[in-house]
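Step one of this worksheet: look at the structure below.
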Amino acid sequence: MLVDKPDVKGREDILKIHVKGVKLSPEVDLRVVAARTAGFAGADLANLVNEAALLAARNDKTEVGPQEFEAAIERLVAGLERKRVMSDKDRETIAYHETGHAVVASVIEGQYPVHKISIVGRGFGVLGYTLHLPTEERYLSTRRQLMGELAVLLGGRTAEEIKYGEVTTGAQNDLLRATDIARAMICEYGMSEALGLINYEGNKRPKFLDVPMPLERGVYSEETAVKIDSEIRRIITEAHDMATRILTERREQVDTIAKRLLSVEVMEGDELRNILGLPPLPKPEDKVAEGTPEVRQ
Ligand code: ZN
Numbered sequence: 001m002l003v004d005k006p007d008v009k010g011r012e013d014i015l016k017i018h019v020k021g022v023k024l025s026p027e028v029d030l031r032v033v034a035a036r037t038a039g040f041a042g043a044d045l046a047n048l049v050n051e052a053a054l055l056a057a058r059n060d061k062t063e064v065g066p067q068e069f070e071a072a073i074e075r076l077v078a079g080l081e082r083k084r085v086m087s088d089k090d091r092e093t094i095a096y097h098e099t100g101h102a103v104v105a106s107v108i109e110g111q112y113p114v115h116k117i118s119i120v121g122r123g124f125g126v127l128g129y130t131l132h133l134p135t136e137e138r139y140l141s142t143r144r145q146l147m148g149e150l151a152v153l154l155g156g157r158t159a160e161e162i163k164y165g166e167v168t169t170g171a172q173n174d175l176l177r178a179t180d181i182a183r184a185m186i187c188e189y190g191m192s193e194a195l196g197l198i199n200y201e202g203n204k205r206p207k208f209l210d211v212p213m214p215l216e217r218g219v220y221s222e223e224t225a226v227k228i229d230s231e232i233r234r235i236i237t238e239a240h241d242m243a244t245r246i247l248t249e250r251r252e253q254v255d256t257i258a259k260r261l262l263s264v265e266v267m268e269g270d271e272l273r274n275i276l277g278l279p280p281l282p283k284p285e286d287k288v289a290e291g292t293p294e295v296r297q
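Oh and the sequence shown: position 209 is 209 in the numbering used here, straight run, nothing missing.
Okay, structure coming up:
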């Protein structure tokens, strides 16, 4: 989910939506609440309204008053701040991880260009992200593009491996998505020679790749299941090798970008491309098609 932190007017509008169905005391001024919640994302504001309503219920009140909002804000701010305290080592790891995604995405052909990298946490649990903007609408993906996408997904973890010789838990979501894509390549798109042009999943999946796999598998033999697993491993290894090659060859640039990211926290795509020796991107108004920006964590 990518939503920029709203400004004060935006926060007031979001609060107005979330207080529908909540009985507010006439003393509550949502403009004041909005002014007191700088840095809150939409989801934080929804939490805030819930929290205030819970406090009112707990105090046997029939309306949510300014005191409840005040108490809820304090509670949430404390929670947000606890999240924000992060060791220098963790910040550096996140910087390398995001740099890994961004460098692989920029160097590999056929991937959406990187628009921005950030190591500023947003919302709860998201540590950093790399934003890719589509330059065209894409309806079909080639095997090469999917392999590239896998390499980009694995780029974060690979950068950690190269830098530290060990990995953290930060790549869990990346690995999950990578495994999904690899499985779809094999089981649905017939992109594995070993398994052939058979759709092993039937019609279970309603849409393209972003739909999570159902837990039950398609109907096939144990032997086929073993083959599928080993093909997934092979494809993931191939993508991992691709990411390793790129990030090792460009190790100095990776260091430069990660260090810069540690000091500025947010880097624009053009600066990234400049460090990588790549030409700047075309201006967004000329090229960017309507499409969903992709975020890699
Ligand atoms: Zn990642």
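Beta carbons are placed, not taken as given, at the ideal position from N, Cα and C, and that holds for glycine.
Original post:
In whole angstroms, what separates the C-alpha of V47 from that of T158?
Top reply: It should be noted that the sequence gives Asn, not Val, for residue 47. Using only the alpha carbons, I get a separation of about 35 Å.
Original post:
In chain order, what residues of the same chain lie with their CB nearer than 7 Å to the CB of L24, ignoring the 5 residues before and after it?
Top reply: Sequence-distant Cβ neighbours of L24 in its own chain, meaning closer than 7 Å and more than five residues away, are E63, V64.
Original post:
Taking buried to mean at least 16 other C-beta atoms within 10 Å of its own C-beta, is F124 buried or exposed?
Top reply: Because F124 carries a pLDDT of 37, less than 50, the predicted location of this residue cannot be relied on, and the following value inherits that uncertainty. By the 10 Å Cβ count, F124 comes out exposed.
Original post:
Under 9 Å between the Cβ atoms of Y96 and V264?
Top reply: no
**OP:** Go ahead and pull the three-state DSSP assignment for V167.
**Re:** coil
Subject >> Reduced DSSP category for E268 - H, G, I as helix; E, B as strand; rest coil >> reply: In the structure shown, E268 falls within a strand segment according to DSSP collapsed to helix, strand and coil.
**OP:** Give the single residue among A102, V33, T93 whose Cα lies nearest to the Cα of G269.
**Re:** A102
**OP:** Would you list the one or two residues that DSSP bridges to V152?
**Re:** Paired residues: none, contrary to the question.
**OP:** Tell me whether P26 is buried or exposed, calling it buried when 16 or more other Cβ atoms sit within 10 Å of its Cβ.
**Re:** exposed
**OP:** Determine the closest residue to G277 out of M267, K259, R250, with distance taken between C-alpha atoms.
**Re:** R250
Original post:
Going straight from the alpha carbon of A184 to that of V226, what length do you get?
Top reply: 15 Å
Original post:
Secondary structure at L55, three-state DSSP: helix, strand or coil?
Top reply: Of the three classes helix, strand and coil, the one that applies to L55 here is helix, per DSSP.
Original post:
A171 to D180, Cα distance in whole Å?
Top reply: 14 Å
**OP:** Might you give, ordered along the chain, the residues of its own chain that have their beta carbon closer than 7 Å to the beta carbon of R36, omitting 5 neighbours on each side?
**Re:** I73
Subject >> Where A38 falls, given that 16 or more other Cβ within 10 Å makes a residue buried >> reply: exposed
Original post:
Got a sec: does the ligand ZN put a non-hydrogen atom nearer than 8 Å to the Cβ of L153?
Top reply: yes
Original post:
Cβ of A243 versus every heavy atom of the ligand ZN: is any distance shorter than 8 Å?
Top reply: no
Subject >> Pick from N50, E166, E160 that is closest to A258, judged by C-alpha positions >> reply: E160
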